[in-house]
Amino acid sequence: MKKTSCSAVVLLSVLASLPPASFAVNPVIQTMYTADPAPMVHEGTLYLFSSHDEDVGEKNSFNLKNWVLATTTDMVNWTQHGVVASLHDFPWAAKEISGWDGFDNGAWAPQVIERDGKWYLYAPVQGRGIGVLVADSPLGPYTDPIKKPLIAGHAGGLYDSIDPTVYIDDKGQAFLAWGNPNLWSVKLNKDMISYDTSVGENGIMRHPMTVAALGKRTPPDTVGFTIPKPALRGTSYEEGPWLYKRKNLYYLFFAGGPLPEHLAYSTGPTAEGPWTYGGVVMPPQSAFTNHVGVVDFKGKTYLFYHNAALKGGDGFKRSVSVEELKFNPDGSVPTVQPTKEGPAPVATLDPYKRVEAETIAWSSGVKIEPNSAGGQNVKDIHDGDSIRVRNVDFGAAGARAFMASISSTAKATAPTGAKVEIRLDKLGGQLIGTLPVSGTAGQWKPQSVLVSGASGIHDLVFVFRGAAAKELFKFDYWQFAELASATSQPLAAAPAHPAHNPLIWADVPDIAVIRVGKTYYMSSTTMHMSPGLPIMKSTDLVNWSMASYAYDTLADNEALRLENGKNAYGAGSWASSLRFHDGVFYATTFSANTERTHIYSTRDPDHGPWKETSFAPSLGDHSLFFDDDGRVYMVCGSGRISLVELKPDLSGIKPGGVDKVIIENVNELFGTDQGGLRGEGSQLFKINGRYYLFNIASPKTRWARTVTIHRADSIDGPYEGRIALDDRGIAQGGLVDTPEGKWYAYLFKDNSAVGRIPYLVPVTWKEGWPVLGKDGEVPMTLDIAAGGQGASGASGIVANDEFDRLPDAPPLPLAWQWNHNPEPRNWSLTKRPGYMSFVTSRIDSGLSEARNTLTQRTFGPNSFATTSIDVSGMKDGDWAGLSAFQKQYGFVGVKMSGGAKSLVMVSADAGPLEEFASIPLSGNTVHLRVECEFESAPDDARFGIDGHSVKIYGKPGKPEVARFSYSLDGKSWTAIGRPSRLTYTFPHFMGYRYALFYYSTKSAGGRVDFDYYRTGRSR
């Protein structure tokens, strides 16, 4: 940005004739004027630094004194942190020291970057120099480490030292670029507060200002603009450079002239160019300046800019907005037009944990101020003002109570007449509660009210009511309590939102969990899927996300390739063991397909690589165990449990080592009621010098998956045992402790069509035995905060996919798995960028025999998946679509027969595949949707007292079904066919999967393109 010029003032009358702006979500901040956006991403949060146009100041002049910060994790709700740095942080800018304009004005466009735990803020001061501030936190406090300008007084003139952009390349070299009307740069040293003076002119390099590099200026400059000697601008480059890299190409975004500014870009092979002009990114807007920031966040790219869209705005009172930025296949940048809506949310907001009142998607009338207790609070609340928060997930149970921290100057507890209307989705939306505000004598006090009608995902609107022309109160933070745990009593200041069982309402069976430091890791079984042996991680035992897979393919054979009538359904790899020993992670499994035991190891479970070793025989349901004396074992077997010693390098069974039966018959613990599921699923632990062996078994006369525990003072016995838990079939797993010394058992439950789902069970110790649960039952509420668990707990293991990839991104998100080994030649993300393209190379009789079926987990209590498919390349006899996939599958899709395409719904829920609907399809693109409805609760219809009411858990007997629909425009959906019954069956031995598929029954060589995959909870 720049100081006022004659041409800028003249433009004000021109800008008055431009169309008025009336954005609904853009601009992103409404409590103040902001400009010169500088976004950056760090550890899952987007930080938006910007300059700050003051509300009041000299007319037709920029008035900027400080820099402000807002953050988001979802791209729609912005937490405002207020001022984080100001001109006063540069003592050398004082008028008596610099001779400049002092601290009253000149806090122009900043940029911030993090390196080695430090945050560096680069900012121009009055256009005369660029300073650098350093902090240990993005919120500050920031201090000046060099006590002078980092950049000042070079050949460009007064206003050439503005608008810094900073970038660190893949080799760790940092660059700082800036300038108006020239483009300059330096190579920063690793300390980020000095630069290499051995290059350029004392370290400063001037980029060639050519039309080929930076575009033609139209009309040409005839005045010039630098002091002391004017210089004509020969290119469209004006100011505000921004460095960005995508794939192997560097981008230089910038504000282009003449005024009013547009946004443009150039590209080059390095961060220093040479640059080649690319074109206009955004035409002039409602402010005569603009400023660009581009950043990648949660799989998407965003373009930030400013305009005069906020009420009362003009060329000197600007506001930051954002749009999603999509690149053309050749890397060029399409023209971006501002929208009212801005980008779509990329996450939901959890209302059951503290949310700052200054976390806002849209507001009217209110302002923010520093809070005496730290942070910010909302002020200037008057009758009719409002705050809107977007994409709030109240969960299936919904909210019962609302609490707000409020400060009112009225006498403590006295009625004020003010109130907060709590509405859903819009200003006049459904009223779920009204909070009457009581006086607090100027103190911050929590106030609460019961609410009803809030469940699922909604926008949340607070509408403030009270006496006109009067500030009603101040607002610090808010929080809801869930229906299942709320009471009629006032809420505590920060009520905990507890986690619940099941931990993950999705198919995550045969789990093994370890803790390394403060991080937990979990392995599971995915049978015949590739990649396989998934590794997940968590910091709280509740919220799990994918980390990696131990293998891409288990082996290469006909069964795993679905060739010659062979398959590996229900086989592949089974129950795993997970260990950490001497800095190395080990994930082990066994397979009937290979008849071998497989051991995978790595020092980095998030990135790998995993190294494999394997040996015969296949040791079933084993538990890898490193003992304190350096010896290593596997405990394995079914019914009869054996201890087998391995070679020190884990390459096989140790010749002459221990090979001993340590438990002759696990099921002896059932007395005379033997003959059911034989004891299996071994997991061995050593705690306080004693060995504990967990197994699962069942009595004969009833199917009751039961936890058994044996213990011994020596690893080879003798062992004594007992039944540890017999509750609703929740069993098979082991123990894990927290850094605070708490103990939990991790187990799972067979839960019909969705699959086998994990539970977490609190553990206490009595007389040297672990005691699982409370009074012999698994509690449904845990003493751990839920965080982002939500109803399903599956958000970290499923993923939406638009099939467009950022530079260096993996080909597929970790949520995806192929049904059996894929054929790499038959799928591509590059044949048609932004699409998943499938081709066929063989003939298959049906979906179960087809290769390259791409799957993700379904999840409960209900969920959906949608996709869009281009079928223009299909051949006769081809089928493609979206399936609820298991042995008895159903799908909605497209078939081609006799040269004609039809929308079809088919089901194999009664055995043979049957087509239940067929509709002619004239176009080549159609959207498909599958919704899965699972058991309403995994509690097998128990009931109990919850607060002051009776609560029923579960609705046994409710059918589990998949429903199918299609759309020609992606908006209006039409049901097709009938519901398909969901049944957990063998041999698949796996919960239902959503599956994208394409196969040929007559001739190979066709092609289909899937545009996206989106999944979520059904309303």
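In terms of this note's numbering, the sequence shown opens at residue 345 and continues consecutively.
In this text, a Cβ means the ideal position worked out from N, Cα and C, and glycines have one as well.
Keep in mind the model is a prediction, meaning the values are calculated, not measured.
- Leaving aside the five residues that flank ARG1186 on each side, the residues in its chain whose CB is nearer than 6 Å to its CB run, in chain order, ALA1348.
- Shown here, ASN1196 sits in coil according to DSSP, grouped into three states, outside any helix or strand.
- Relative to GLU702, the option among PHE738, ALA915 and THR416 whose CA is nearest is THR416.
- If you draw a straight line from the Cα of PRO949 to the Cα of VAL860, it comes to about 11 Å.
- Apart from sequence neighbours up to five positions away, the residues of its chain that approach SER986 with a beta-carbon distance below 8 Å are VAL979, CYS980, ASP1003, LYS1004, VAL1005 and ILE1006, ordered along the chain.
- Within the DSSP bridge table, the entry for ARG1055 names TYR1036 and GLU1064 as partners.
- When rounded, the separation of the alpha-carbon atoms in PRO759 and PRO780 is 8 Å.
- In this structure, DSSP gives VAL976 an extended state, which the three-state scheme calls strand.
- For GLN1161, same chain residues with a beta-carbon under 7 Å away, outside a window of 5 residues either side, are THR870, MET873, SER874, PRO875 and THR1199 in chain order.
- Cβ-Cβ distances below 6 Å link ALA1068 to VAL1051, ILE1053 and LEU1116 in the same chain, with the five nearest sequence neighbours on each side left out; the list follows chain order.
- The beta carbon of GLU989 lies closer than 6 Å to those of TYR977, LYS998, GLY1001 and VAL1002 in the same chain, with the five residues before and after it left out.
- Contact check for ASN1011 and GLY1023: beta-carbon distance about 6 Å, within the 8 Å limit, so the pair qualifies.
- By DSSP's assignment, ASP1214 forms a beta bridge with THR1269 and ASP1353.
- In this chain, the alpha helix (DSSP H) harbouring LEU558 covers 555–558.
- Within the model, the alpha-carbon separation for SER1207 versus ARG744 is close to 24 Å.
- Inter-residue distance for MET549 and GLY473 is about 16 Å (C-alpha atoms, whole angstroms).
- Counting other Cβ atoms within 10 Å of its Cβ, ILE441 stays below 16 and is therefore classed as exposed.
- Looking from the CA of SER538, the closest CA among ASP514, LEU477 and ARG561 belongs to LEU477.
- Residue burial is scored here from C-beta neighbours: GLN681 has fewer than 16 other C-beta atoms within 10 angstroms and is therefore classed as exposed.
- When C-beta atoms of the stretch 845–859 are compared with those of the stretch 1072–1089, three or more pairs fall below 8 Å, so the two segments count as touching.
- Per DSSP, the continuous beta strand (DSSP E) segment holding GLN424 begins and ends at 422–430.
- Burial state of THR1045 is exposed, judged by a 10 Å Cβ sphere holding fewer than 16 other Cβ atoms.
- Residue environment: TRP1047 is assigned as exposed (fewer than 16 neighbouring CB atoms within 10 Å of its CB, all protein chains considered).
- Rounded to the nearest angstrom, the Cβ distance from ASN410 to ASN449 is 11 Å, too far for a contact under 8 Å.
- A direct Cα-Cα distance of roughly 7 Å separates TYR1103 from LYS1093.
- In terms of Cβ geometry, ALA912 and ASN937 form a close pair [threshold 7 Å].
- Look at PHE924 here: in three-state DSSP terms it is strand.
- The closest CA to that of GLU582, considering only ARG590, TRP422, THR566 and ALA608, is found on ALA608.
- The residues ASN1163, ALA1339 and PHE1341, in chain order, have a CB closer than 6 Å to that of THR1197 in the same chain once the five nearest residues on each side in sequence are set aside.
- The beta carbons of LEU1265 and SER1246 sit closer together than 7 Å.
- A contact is defined here as three or more CB-CB pairs under 8 Å, and the stretch 726–744 fails this definition with respect to the stretch 454–463.
- Every beta strand (DSSP E) of 3 residues or more that sits fully in the stretch 843–897 is shown, in chain order, as 856–860, 863–867, 876–882 and 889–895.
- Taking the C-beta atoms as reference points, GLU1275 is found no nearer than 7 Å to ARG1322.
- Per DSSP, the unbroken beta strand (DSSP E) holding SER792 starts and ends at 788–794.
- Taking VAL427 as reference, the option from GLY719, LEU1326 and GLN787 with the minimal CA-CA separation is GLY719.
- Linking LYS755 to ALA785 through their CA atoms gives a straight-line distance of about 5 Å.
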